[in-house]
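J.:
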Amino acid sequence: MNLQEAKFEYLLRLGDSSLIIGHRLSEWCGHGPILEEDIALINIALDFVGNASALLTYAAQVEGKGRTEDDLAYLRSEREYRNLLLTEQPNGDYAVTIARQFLYDVYTFFLYEELKTSKDETIAAIAVKSHKEITYHLRHTTEWMYRLGDGTEESHKRMQTALNDLWMYTPDLFDMNEVDAILINEGIAVDLNKVKEAWEKRVREVISEAKLEIPAANIKQKGSREGRHSEHLGFLLAEMQYIPRSYPNANW
Amino acid sequence: MSDTQWPLWEVFVQGNPGIPHKHVGSVHAPDAEMAMQNARDVYTRRSEGISIWVVPAAAISASSPEDQGAFFEPANDKPYRHPTFYKIPEGVKYL
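Protein chains in written order, with our numbering: chain A, 922 to 1173; chain B, 212 to 306.
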């Protein structure tokens, strides 16, 4: 694998994760628990889609085969997608959405903090812009973790169940392969062991403050780096890609 | 969408440094921090502000419509209270 190929893979990971979690959040549009929270979620969803657009545009450019960001978003199947398994998990109840988002926000908070000093100028510039957005996302989801975890008996139970169900997808966040080795060596990518340390510390702090328990790590799911996904991604893509695949080059 | 049981908060946004916070609307929220975040999401999405105040709606005492006569009408025939005889220097904004 050469540097260009590694960079393309890395950009797909970042961009696909943003796109998929942004799409998941957008599924809440009009269905939020209250009007204000509906708007908050959709703001966050739009931040992710914007970030995905920037990253996939750059990915297409790095690839150099004449594809566009839309080609990458709409014309790849699930095995070609590199988004984290966590990001494709269904919304569930509000506790699941918040738990998924919180675990992901802590991850991107520390990841993009490091990416701000990437030797790839475009990645660094995208990271600087995104990190401000992520800082707000994390603040929002952290407050919800406290309120649902340390809220009523019912909210506590749902929050704990959500964490237990999602926990198996967290090892996937820190999985590294040849792509990482090549790019870390060039000062472009981030050593995820470093992110993992910061992630674990923050997640533990918030979970404990929210009167919740860290789930037992019995099952460890990985596979997003190779395009091995849970069964949920295919359905998501079918919905997201239906129009562009049915009506190629449609404009509106 | 059915109404929420969360309390109502009035939202004030400052558009630029040095000018007053202006009432822009209200949000529902369980507490001050969430009210602040909801206000940020609902009222500053298009770069409307640089500072937000949220105030529990219940903490606001308002004059009632019946007070209008006694409160405000006596001022109507006292034009000498208006500083209309001063010249405003050019370039002063937000006055």
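No residue lacks a Cβ here, since even glycine has one placed at the ideal position from N, Cα and C.
1. Assign A:Gly1108 to one of two classes, buried (16 or more other C-beta atoms within 10 Å of its C-beta) or exposed (fewer than that).
2. Can you grab the Cα-Cα spacing for the pair A:Gly1013 / A:Lys1141, in whole Å?
3. Using the DSSP secondary-structure output, state which residues sit across from B:Trp220 in a beta bridge.
4. Quick check: what's the CA-CA separation for B:Met212 versus B:Leu219?
5. Should A:Leu1204 be labelled buried (16 or more other beta-carbon atoms within 10 Å of its own) or exposed?
6. Can you give, in chain order, each stretch of the alpha helix (DSSP H) that sits fully within the region 1100-1170 of chain A and has at least 4 residues?
7. Excluding the five sequence neighbours on either side, which residues of its own chain have a C-beta within less than 6 Å of the C-beta of A:Val1124, listed in chain order?
8. Write down the C-beta distance between A:Arg1003 and A:Gly1144 rounded to the nearest angstrom, noting that I regard them as a contact closer than 8 Å.
9. Does the beta carbon of B:Val235 come closer than 7 Å to any beta carbon on chain A?
10. Please name the residues in the region 962-973 of chain A whose beta-carbon is closer than 8 Å to at least one beta-carbon of chain B, in chain order.
11. Please classify B:Asp288 as buried or exposed, where buried requires at least 16 neighbouring CB atoms within 10 angstroms.
12. Rounded to the nearest angstrom, what separates A:Trp1120 and A:Pro1092 at their Cα positions?
13. Using a 10 Å radius around the Cβ and a threshold of 16 neighbouring Cβ atoms, would you call A:Asn1114 buried or exposed?
14. Give me whichever residues DSSP pairs with B:Ser262 in a beta bridge.
15. If you draw a straight line from the alpha carbon of A:His1150 to that of A:Arg988, how long is it in whole angstroms?
16. Does DSSP put B:Lys233 in a helix, in a strand, or in coil?
T.: According to the structure shown:
1. exposed
2. 21 Å
3. B:Val238 and B:Pro267
4. Here the model assigns B:Met212 a pLDDT of 49, short of 50, so the residue's position is not dependable, and the following value carries that caveat. The straight-line gap from Cα to Cα measures roughly 16 Å.
5. Any property of residue 1204 of chain A remains undetermined from this structure, which presents chain A solely from 922 to 1173.
6. 1113-1130 and 1153-1167
7. Val1027
8. Not really, about 10 Å apart at Cβ, beyond 8 Å.
9. no
10. Asn964
11. exposed
12. 12 Å
13. exposed
14. B:Gln225
15. 24 Å
16. strand
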